[in-house]
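*Asks:* First the structure, then my questions, so here it is.
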Amino acid sequence: MNLAHHPVDSLTKEQAASELARLAQVIGENRRAYYQDDAPTLSDADYDALERRNRLIEERFPALVRPDSPSASVGSAASTKFAKIPHRMAMLSLDNAFTREDVNDFLGRAQRFLGLPDTALLSCTAEPKIDGLSLSVRYEKGQLAYAVTRGDGKEGEDVTANVLTMADIPKRLANSDWPEILEVRGEVYLSHQAFGALNQAQIAAGLPIYANPRNAAAGSLRQIDPAITAQRPLSFFAYTWGEISAPIGDTQVQAVANLAKWGFLTNQDMKLCASADELIAHYEDLGQRRGELGYDIDGVVYKINDLALQARLGIVTRFPRWAIAHKFPPEQAVTVLDAIDIQVGRTGALTPVARLRPVTVGGVVVSNATLHNEDFIAGKALDRVSGLPVRGGKDLRIGDHVVIQRAGDVIPQIVDILLDKRDSQSAPFAFPQICPCPLATPALRGGSDVGGEEEIVRRCTGEFACPFQRLRHLELFVSRKAFDIDGLGPRQLQDFFDQGLVKEPADIFKLAGHRDILAGQEGYGETSLNNLFAAIDRRRDIELSRFIFGLGVRHIGETTSGILARTFGSWRTFFDTVKRALADRSGEAYQQIATIGGLGPVACDALLDFFDEPHNQEAVERLLLEVVPRDAPPPVSDSAVAGLTIVFTGSLETMTRDEAKAQATRLGAKVAGSVSAKTDLVVAGPGAGSKLAKASELGVRVISEAEWAALIG
Ligand code: IVH
């Protein structure tokens, strides 16, 4: 009888015994696959579920706990490739929390154990749980003595020769106030970038590729030949310690700060929290930013900050009582691809969208996923990070069982197809060759940049004749960063468009003339029409940058529109220069536009191509009969931040990020999206993460929001 899905509550004693035997075997096999062969056969979530089930059964039938129970050990016995070294202090694992309740239970247990009231505050650190492999590095008199993997927690593998090749691990401790004996413990991992490069190299050498960064890190650390490890850019975050001959701090925060002082990288996203709410807030924030960290994390670790309390709490079997891992919900799920819809973008690009049978992934219900373009569907597109064909080159068919992945804020992706579940009658997806709009215009692939985006995208050739493209243009025109017209969104535009009332931007300003037609229609009562017309009238006076952005010129986004507005100051000057550039594409006016900082030749050509079309120029002229672009204030050149390149990161408290950027730009600074050697200043608010880390790595000056306010007066 298969008991695998039997609820724990309804198992008889005999059934429980046989389940425990099965679980000991399955968990054992999976640990060997994961820890020794670096080739897991189960997802982390499925594996966690097995461990959890084993524990629940053991809790119900304590008498049945087996001598070889997986709950009594961690990891897997060290393999025979490397010499074994016993740990002087066991390397523990962490208990898991999956829900907010589990987190409250953890804090409650600690309070009770310490004899504290349940209202007592227990400050905890919260830090990313890095998905790598743990390592213990022993220092004697400041000198690296040896390095050991976790193994089964009692003894691990001697990987000293390999660890000596890792740049993140000091051979000698920095400064001098370290204890004579110090075992530094932390996580060895590969960044996404290093992982992609490694797999590319594996392919070039005709070797098998690694399934994920964790396996690649494990495989890289456990090379027999240290020269191979040396070529793999393994990273290391220090987060705890083993044997120490003297205390290294009173708190977790202090101890970790000391590890940093002695030469280790520690995680910038560790946060000290005073309540369960704060822990959960940090967990949620990291969950959101998970896709941007540049390395894999699978949860957040909470640790009681006070080391004296940690010592009193001690351990239960293989977990400390003073720490817990709050895991993220599984970020992969299997579902069925029900249909592929084709959407037409503003520039005519036909974009396929997957309609999926709704499924929960990473805690949210997913029913759509982007499919990018036809090569992506055919399995011919290359993955950005790994450079390999997506989904191992498998083509995607309607009815397929697909694996969906979603990490934090990242848009859901179809990362694999279960071919053994594919219907034998299924056929490859035939990507449409004509635009799905009523005009059914041919949609062509092409463009000059072979292999680039233009080559891959299929575009409707109808341009302004294509009603879908017109509508997308209008949507951009009224959007928040362009004309931002209250009460006029995609739904209303569609209504007005279908009735032939709005065909181009200028028509929006003539809508009030159609009051009779609209009055009484569903959703257009007298008050809402009054409000709508008033909102439209308020935008007859419009900032030049919004006006330019609203035209929807390809490659001219919000930032570029702002640069153009500030550079030319007025519509007249801007448009005169464009006209002169059109008359002579290599003349002075052309040079003037093409050399504007931040513009670039692609955007410059797109701008001129736009105005080269008579119907575009005419539409702009009709719009100018309705609205007046306001001259842009000249940039301030004598402010404290004029000419500096600034990056804002984290959350700001007195203003939104957009306001801060606008303010900086007005003061003559350049606002950048990422930190590089060219960055002069980083303004960091709470929750700042990888950008802050990058700034400190590059030695870029970092200031707080308050210091920013003081700086600009
Ligand atoms: S503390 C006694 N902190 O997760 C506590 N562990 O599932 C020792 N891990 O064996 C661990 N990130 O390999 C700690 N920030 C972090 C971690 C972390 C990843 C790993 C570690 C541990 C496993 C437990």
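At position 15 of the sequence shown (counting the first as 1) the number is 15 in the UniProt record's numbering, and the numbers step up by one without a gap. The beta carbon of each residue, even a glycine, is placed where N, CA and C say it ideally should be.
1. State the Cα-Cα distance for the pair A4 and G28, rounded to the nearest angstrom.
2. Look at the alpha carbon of V702 and the alpha carbon of A695, and state the distance between them as a whole number of angstroms.
3. Measuring only the C-alpha atoms, how far is R100 from T119?
4. If you follow the alpha helix (DSSP H) that A709 is in, where does it begin and where does it stop?
5. Tell me whether L698 sits in a helix, a strand or coil according to DSSP, three-state version.
6. For A664, which residues of its own chain have a beta-carbon under 6 Å away from its beta-carbon, when the five flanking residues on both sides are left out?
7. Could you tell me whether any non-hydrogen atom of the ligand IVH is closer than 7 Å to the CB of P70?
8. Give the straight-line distance between the Cα atoms of I224 and G153, rounded to the nearest whole angstrom.
9. Shortest alpha-carbon distance to G263 belongs to which of D420, L173, G399 and D612?
10. Using CA coordinates, which residue listed in L122, L182 and V65 is at the minimum distance from R88?
11. Quick one: give me the first and last residue of the beta strand (DSSP E) that T649 is part of.
12. Using the Cβ count rule (16 or more neighbours within 10 Å means buried), how would you classify K129?
13. For L207, count the other beta carbons within 10 Å of its own beta carbon; 16 or more makes it buried, fewer makes it exposed. Which is it?
14. Work out the CA separation of I414 and F648 for me, nearest whole Å.
15. At a cut of 8 Å, does the region 368 to 388 reach the region 320 to 332 through at least three beta carbon pairs?
16. List the whole-angstrom C-beta distance separating T160 from Y146, where the pair is believed to meet the contact cut-off of C-beta under 8 Å.
17. By Cβ distance, which residues of its chain are closer than 8 Å to D449, with the 5 residues on each side in sequence left out?
18. Quick one: give me the first and last residue of the beta strand (DSSP E) that P128 is part of.
19. Measuring only from the beta carbon, is V301 closer than 7 Å to any heavy atom that is part of the ligand IVH?
20. According to DSSP, is R321 part of a helix, a strand, or is it coil?
21. Give a single yes or no on whether Y239 has its beta carbon closer than 7 Å to a heavy atom of the ligand IVH.
22. Measuring CB to CB, does L474 end up less than 8 Å from L493?
23. May I ask you to check if the CB of A217 is nearer than 7 Å to at least one heavy atom of the ligand IVH?
24. Would you call H615 buried or exposed, if buried means 16 or more other Cβ atoms sit within 10 Å of its Cβ?
25. Would DSSP call G562 helix, strand or coil?
26. DSSP three-state label for S545, please.
27. Please confirm whether any heavy atom of the ligand GDP lies closer than 7 Å to the CB of A325.
28. For F496, collect the residues of the same chain with a Cβ closer than 6 Å to its Cβ; drop the 5 residues on either side in sequence, then sort them by chain order.
29. For W571, which of helix, strand or coil comes out of DSSP?
30. Comparing C-alpha positions only, which one of S690, N96, R391 and G500 sits nearest to Q405?
31. So, helix, strand or coil for S18, using DSSP?
32. Per DSSP, what kind of secondary structure is K13 in: helix, strand or coil?
33. Rounded to the nearest angstrom, what separates S570 and P358 at their Cα positions?
34. Between E127 and the ligand IVH, is the CB less than 7 Å from at least one heavy atom?
35. If you reduce the DSSP assignment to three classes, tell me which class V8 lands in.
36. With distances taken Cα to Cα, identify the nearest neighbour of G650 among K81, L279 and R289.
*Replies:* According to the structure data:
1. 16 Å
2. When only Cα atoms are considered, V702 and A695 end up about 7 Å apart.
3. 17 Å
4. E705 to I712
5. helix
6. Closer than 6 Å at Cβ, skipping near neighbours: I646 and V671.
7. no
8. 22 Å
9. L173
10. Closest by alpha carbon: L182.
11. Per DSSP, the unbroken beta strand (DSSP E) holding T649 starts and ends at T645 to T649.
12. buried
13. exposed
14. 32 Å
15. no
16. So it is a contact: roughly 5 Å between Cβ atoms.
17. In this prediction, D449 scores a pLDDT of 46, lower than 50, which makes its location untrustworthy; no coordinate-derived value is stated.
18. C124 to I130
19. yes
20. Three-state DSSP puts R321 in coil, outside helix and strand.
21. yes
22. yes
23. no
24. exposed
25. It is helical.
26. helix
27. The ligand GDP is absent from the structure shown, which contains only the ligand IVH.
28. Answer for F496: V502, listed in chain order.
29. helix
30. R391
31. helix
32. helix
33. 50 Å
34. At least one heavy atom of the ligand IVH is found less than 7 Å from the C-beta of E127.
35. Of the three classes helix, strand and coil, the one that applies to V8 here is helix, per DSSP.
36. R289
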